[in-house]
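So in our numbering the end of the sequence shown lands on 125, straight run, no missing numbers.
Yeah, the Cβ is synthetic: ideal placement off N, Cα and C, and Gly gets one too.
For reference, the structure is listed below as structure tokens.
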Amino acid sequence: NPVHMPLQLNLVVSSANAVGALLSTSLGSVLGGTAPTAARLLAGGIFLYLAWQEASGWLADVPSSLTGLALKGDAWKLAAPMTLNNLAGGIAGGLTGFGPLHMFSGAFLASFVLMALGHHTGAL
């Protein structure tokens with residue numbers, strides 16, 4: 002019996018991701034102009050930390066805590082860790098010259114569409 006993902010859940014998480022991308026891109030733009038090396042190290046460190054978390058969870062065969070939150074429909078608790086994934090990308094985007102509004106739009110669309118597709122695929 003497939004579980005229905007409420008539209009509100011997807012909208013809240015996608016919006017939080019988009020705002021996270023907007024803010025981190027703005028930060029990346031500022032840091033890129035004032036402390037480019039520190040900004041690159043910060044973005045790289047965040048990517049490494051997230052990769053380490055994913056790899057250690059996979060190696061330990063521990064299910065993702067995000068799955069339980071999604072099934073409960075707890076949008077705000079789900080949005081917070083997912084938004085952290087946008088920090089490094091947003092900072093990197095700001096460093097490379099992408100504007101905050103472009104990153105906001107891209108993050109919202111990507112989050113919304115990919116969550117809907119992932120949910121649909123998982124329900125098959």
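Which residue's Cα is closest to the Cα of residue 85: 39, 38, 44 and 36? 44
Going along the chain, which residues of its own chain have a beta-carbon closer than 7 Å to the beta-carbon of residue 2, five neighbours each way excluded? In this predicted model, residue 2 has a pLDDT of only 49, less than 50, meaning its place in the structure is not dependable enough to derive any value.
Give the range of the alpha helix (DSSP H) segment to which residue 125 is assigned. Taken as a continuous stretch (DSSP letters only), residue 125 belongs to no alpha helix (DSSP H), as it is neither H nor E.
Would a C-beta distance cut-off of 8 Å place residue 14 and residue 112 closer than the cut-off? yes
So, for residue 47: in the same chain, excluding its five sequence neighbours on each side, which residues have a beta-carbon less than 6 Å away from its beta-carbon? 88 and 89
Given a threshold of 16 other Cβ atoms within 10 Å of its Cβ, counted over all protein chains shown, does residue 8 qualify as buried or as exposed? exposed
Nearest-angstrom Cα distance between residue 53 and residue 18? 21 Å
Using the C-alpha atoms, what's the distance from residue 93 back to residue 23? 12 Å
Are there three or more Cβ pairs, one per stretch, closer than 8 Å when the stretch 96-103 is compared with the stretch 26-33? yes
My understanding is that residue 11 touches residue 80, with C-beta atoms under 8 Å, so please give their C-beta distance in whole angstroms. The pair is not a contact, with the Cβ atoms about 10 Å apart (cut-off 8 Å).
Presumed contact (8 Å Cβ cut-off) between residue 16 and residue 91, rounded CB distance: Wrong, their Cβ atoms sit about 15 Å apart, outside the cutoff.
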